[in-house]
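First the structure, in the form of structure tokens, and then the observations on it.
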Amino acid sequence: MEQHCIIGENTLLSKGLQNYLEIQRKAEVNLLSTKELKSLESGVFRNIQYVWIDVMQEIDSLLKLSQRILRQQAKTKVFVFGEFRDAQTIKAIFKTGIVGYFLPNCGIKQIKEAIVKAGSGNTYLDPQLAKIFVQDLLQSNTSQEAKHNLTKREKQILQLIVEEHTTQEIANKLFISFCTVETHRLHLIQKMGVRNTAGLVREAISSNLLG
15 MEQHCIIGEN TLLSKGLQNY LEIQRKAEVN LLSTKELKSL ESGVFRNIQY VWIDVMQEID
75 SLLKLSQRIL RQQAKTKVFV FGEFRDAQTI KAIFKTGIVG YFLPNCGIKQ IKEAIVKAGS
135 GNTYLDPQLA KIFVQDLLQS NTSQEAKHNL TKREKQILQL IVEEHTTQEI ANKLFISFCT
195 VETHRLHLIQ KMGVRNTAGL VREAISSNLL G
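Residues 15 to 225 in this note's numbering are what the sequence shown spells out, letter by letter.
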């Protein structure tokens with residue numbers, strides 16, 4: 015049975031998420047408030063597979079909490095619900111090691127997709143933020159771009175990867191073959207010094223790379 019922990023203040027979001035996990039996924043769910051969390055022993059997350067952090071107003075508290083969880087159990091998948099929409103803050107949140115970030119008005123469909131992606135070793139960014147996030151990357155300083163020396167085509171493919179398009183969708187959009195997209199993906203992985211597609215997304219986020 016899946017083991018989940020929701021950290022929040024018993025909001026409608028927390029209750030709705032708990033109902034979905036318990037009823038539809040038949041998971042065991044613990045609901046903890048941030049106050050309760052402070053008094054719990056250090057190994058509280060040791061056997062938890064998934065942690066969901068409800069909206070927190072203070073970014074420093076959120077970053078510290080994410081780091082605390084992943085120090086205890088590096089394999090735990092941590093998802094965050096937040097109202098932060100600026101790219102710099104979202105990058106800082108992902109750098110702690112979380113695997114998914116949602117706006118509070120996300121739906122069950124997004125939560126399902128995020129769990130599947132996390133299970134495959136990938137990260138998830140709320141689609142409502144993807145376009146805003148990519149635009150920020152497009153407008154950002156290009157010094158990191160020069161560092162990786164990406165071609166125009168590689169930037170196009172990286173952007174579409176960040177926007178969560180499949181290989182076939184990328185091929186269709188750019189009028190190239192499936193195999194050509196996969197070849198470019200491999201080149202990106204090699205150039206950016208990462209191991210997989212999830213690493214590409216993390217590096218694009220942390221390095222302000224054009225997509």
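Note that CB positions come from ideal geometry on N, CA and C, so glycine has one too.
Three or more C-beta pairs under 8 Å: does that hold for the region 207–221 against the region 97–109? yes
Between which two residues does the alpha helix (DSSP H) holding Leu35 run? For the purposes of this step, residue 35 is identified with residue 21 of the sequence shown, where counting begins at 1. It is not in any alpha helix (DSSP H) - Leu35 carries neither H nor E in the DSSP assignment.
Could you give the first and the last residue of the continuous alpha helix (DSSP H) run that contains Cys193? By 1-based counting over the sequence shown, the position of residue 193 is 179. First-last of the alpha helix (DSSP H) with Cys193: 192–206.
Reference Leu27; option with closest CA among Lys109, Thr194, Ile129, Trp66: Position 13 of the sequence shown, counted from the start, is the residue given in the question as residue 27. Ranking Lys109, Thr194, Ile129, Trp66 by CA distance to the CA of Leu27 puts Trp66 first.
With H, G and I counted as helix, E and B as strand and the rest as coil, what does DSSP make of Val176? What you label residue 176 is simply residue 162 of the sequence shown in a count that begins at 1. Residue state, collapsed to three classes: helix.
Say whether chain D places a C-beta atom closer than 8 Å to the C-beta of Gln173. The structure shown has no chain D; it contains just one protein chain.
8 Å contact criterion, which Asp68 and Phe98 should meet: CB distance rounded: Taking the sequence shown and counting its residues from 1, the one referred to as residue 68 is at position 54. Taking the sequence shown and counting its residues from 1, the one referred to as residue 98 is at position 84. Not confirmed; about 13 Å, so no contact.
Ignore the nearest five residues each way along the sequence and tell me which others in Gly57's own chain have a CB closer than 8 Å to its CB. Position 43 of the sequence shown, counting from 1, holds the residue named residue 57. Excluding sequence neighbours, Gly57 sits near Gln86.
Return helix, strand or coil for Phe95, following the three-state DSSP convention. As a first step, residue 95 is located in the sequence shown; it is residue number 81 there, counting from the start. Phe95: strand per DSSP, three-state reduction.
C-alpha gap between Phe192 and Thr90, whole angstroms: Numbered from 1 along the sequence shown, position 178 holds the residue referred to as residue 192. Numbered from 1 along the sequence shown, position 76 holds the residue referred to as residue 90. The alpha-carbon atoms of Phe192 and Thr90 are separated by roughly 33 Å.
Beta carbon of Gly135 nearer than 8 Å to that of Ala212: On the sequence shown, residue 135 is found 121 positions in, with the first residue counted as 1. On the sequence shown, residue 212 is found 198 positions in, with the first residue counted as 1. Yes, the pair counts as a contact, with Cβ atoms nearer than the cut-off.
Considering Val67, what are the terminal residues of the beta strand (DSSP E) in which it resides? The sequence position of residue 67 within the sequence shown is 53, counting from 1. Here the sequence assigns Ile to residue 67, which means Val is not the residue at that position. 64–67 is the extent of the beta strand (DSSP E) around Ile67.
Restricting to Cα atoms, I'd like to know which of Lys109, Gln38, Val113, Lys49 is closest to Gln228. This structure cannot speak to residue 228, because the chain is shown only from 15 to 225.
Excluding sequence positions up to five away, which residues of its chain have a Cβ less than 8 Å from the Cβ of Met15? What you label residue 15 is simply residue 1 of the sequence shown in a count that begins at 1. Contacts found: Lys40, Ala41, Glu42.
From the DSSP output, in three-state form, read off Ile112 for me. Against the sequence shown, residue 112 aligns to sequence position 98. It is coil, neither helix nor strand.
One question on the structure: do Glu177 and Ala128 come within less than 8 Å of each other, judged by their Cβ atoms? Locating residue 177 in the sequence shown gives position 163, counting from the first residue. Locating residue 128 in the sequence shown gives position 114, counting from the first residue. No, the Cβ-Cβ distance between Glu177 and Ala128 is not below 8 Å.
Rank Leu200, Gly111, Ile203 by C-alpha distance to the C-alpha of Ala132 and give the top, closest one. Start at 1 with the first residue of the sequence shown, and residue 132 comes out as number 118. It is Gly111.
When burial is assigned at 16 or more other CB atoms within 10 Å of the CB, is Gly22 buried or exposed? As a working mapping, residue 22 is identified with position 8 in the sequence shown. Burial call: buried.
Inspect the beta-carbon positions of Ile175 and Val208 and report whether they are closer than 8 Å. As a first step, residue 175 is located in the sequence shown; it is residue number 161 there, counting from the start. As a first step, residue 208 is located in the sequence shown; it is residue number 194 there, counting from the start. Cβ atoms of Ile175 and Val208: not closer than 8 Å.
Once the 5 residues before and after His198 are set aside, which same chain residues still bring their CB inside 7 Å of it? Here residue 198 corresponds to residue number 184 of the sequence shown, with the count starting at 1. If we look at His198 and ignore the five residues flanking it on each side, its Cβ neighbours are Arg167, Glu168, Ile171.
Limits of the beta strand (DSSP E) - the one that Asn44 falls within: For the purposes of this step, residue 44 is identified with residue 30 of the sequence shown, where counting begins at 1. Counting along the chain, the beta strand (DSSP E) containing Asn44 begins and ends at 42–46.
Given Ile83 as reference, the closest of Cys19, Asn163, Leu31 once Cα atoms are compared: Stepping through the sequence shown from its first residue, residue 83 is reached at position 69. The shortest C-alpha separation from Ile83 is found at Cys19.
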